[in-house]
Amino acid sequence: MNKQELIKSVYDKLDGLPLKQCENAVNAVLGSVKDELAQGDEVNLVGFGLFAVKTQKARTGRNPQTGEKLTIPAKKVPLFKAGKGLKEAVN
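Residue numbers (numbering that gives the first Met the number 0): 0 to 90.
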């Protein structure tokens, strides 16, 4: 499912709400999650999951063309951990 399909799914479930409002709602939720993660905060949706930011340590890598060792710097990456309700729904 892509973003447009998600918007259509929300539209189908919220009978009577215009498509544009559904699109705005989905964009607002996704934007809020992104903004919180950008600030280093977590978003915990009980029963669904936890969105967080994890710091990956710096590590040594190799250039595949030359074989030369290089240092890959530390970076922050988004993380999602599924909640109990989501895990149960999938299984």
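Every residue gets a Cβ at the ideal spot worked out from N, C-alpha and C, and that includes glycine.
Cβ neighbours of residue i in the same chain (closer than 6 angstroms, five flanking residues each side left out)
i	result
G82	G46, F47, G48
G39	V52
Spatial neighbours of residue i in its chain, beta-carbon cut-off 7 angstroms, leaving aside the 5 residues before and after
i	result
R58	I71
C21	I6, V9, Y10, L13
N62	L69
Inter-residue spacing [alpha-carbon to alpha-carbon] between residue i and residue j
i	j	result
K19	N26	10 angstroms
K2	G60	35 angstroms
L85	A73	31 angstroms
V42	V32	7 angstroms
G15	Q64	58 angstroms
D34	P77	12 angstroms
Cβ separation of residue i and residue j, assumed to be a contact under 8 angstroms, to the nearest whole Å
i	j	result
L69	V52	With a Cβ gap of about 25 angstroms, L69 and V52 do not count as contacting.
T54	K75	5 angstroms
DSSP beta-bridge partners of residue i
i	result
G48	L44, A81
T59	T70
V76	K53
Within-7 angstroms CB hit, residue i to chain C
i	result
N26	No chain C appears in this structure, which consists of one protein chain only.
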